[in-house]
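Numbering (our numbering), first residue to last: 3 to 190.
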């Protein structure tokens with residue numbers, strides 16, 4: 003399977019992703035009233051529920067010089083793979099950015115119960131892309147106006163990418179829960 007190197011940021015290098023659940027901890031946000039108290043940490047299942055249920059995601063990429071680019075995209079969180087994935091036109095700026103700088107951020111569309119995943123983007127092709135093709139088609143084929151098989155064929159023609167998470171953040175952005183629910187999940 004095509005993997006990625008966090009050290010190089012190169013989408014063609016090798017990166018090993020642990021397939022275990024991440025460790026939950028508090029983010030370093032003392033200035034916002036977030037303490038080290040683990041009481042109220044959000045579970046990873048809470049985050050996955052939101053990642054799986056999100057229709058639109060925000061994908062943030064940056065080019066080789068660090069210039070950011072943020073766009074709403076359709077994508078899928080694949081719990082069995084512990085990855086997020088989507089397909090794009092080969093000419094898309096986000097694809098050019100990921101080829102030059104594999105560090106990305108993917109966030110859910112809900113900014114009140116938000117999940118933000120930071121990780122390394124890898125290009126996937128052929129058989130290694132089939133789980134992404136199937137998951138994306140299952141989620142979106144009715145919205146494409148095509149059947150599932152036609153949607154899968156469309157995805158196979160796309161430039162497909164998966165994001166291997168390094169860490170993620172969960173927030174419930176309400177006055178009552180912002181500081182008590184703030185959670186960081188770490189895979190390393």
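Here a beta-carbon is modelled for each residue, glycine too, at the ideal position from N, C-alpha and C.
Query, Result
"Residue 97 versus residue 188: straight-line alpha-carbon distance, rounded", "26 angstroms"
"Three-state secondary structure (DSSP) of residue 147", "coil"
"Chain-order list of residues whose beta-carbon lies under 6 angstroms from that of residue 92 (same chain, five-residue window excluded)", "161"
"Among 138, 137, 110 and 72, the one whose alpha carbon lies nearest that of residue 200", "Within the shown structure, residues of the chain are numbered from 3 to 190, placing residue 200 beyond reach of any answer."
"Inter-stretch contact at 8 angstroms, needing at least 3 Cβ pairs: the stretch 75 to 88 / the stretch 55 to 64", "yes"
"Three-state secondary structure assigned by DSSP to residue 187", "strand"
"Contact under 9 angstroms by Cβ, residue 164 with residue 123", "yes"
"Bridge-paired residues (DSSP) for residue 157", "Beta-bridge pairing links residue 157 to no other residue."
"Coarse secondary structure for residue 107, derived from DSSP in three states", "strand"
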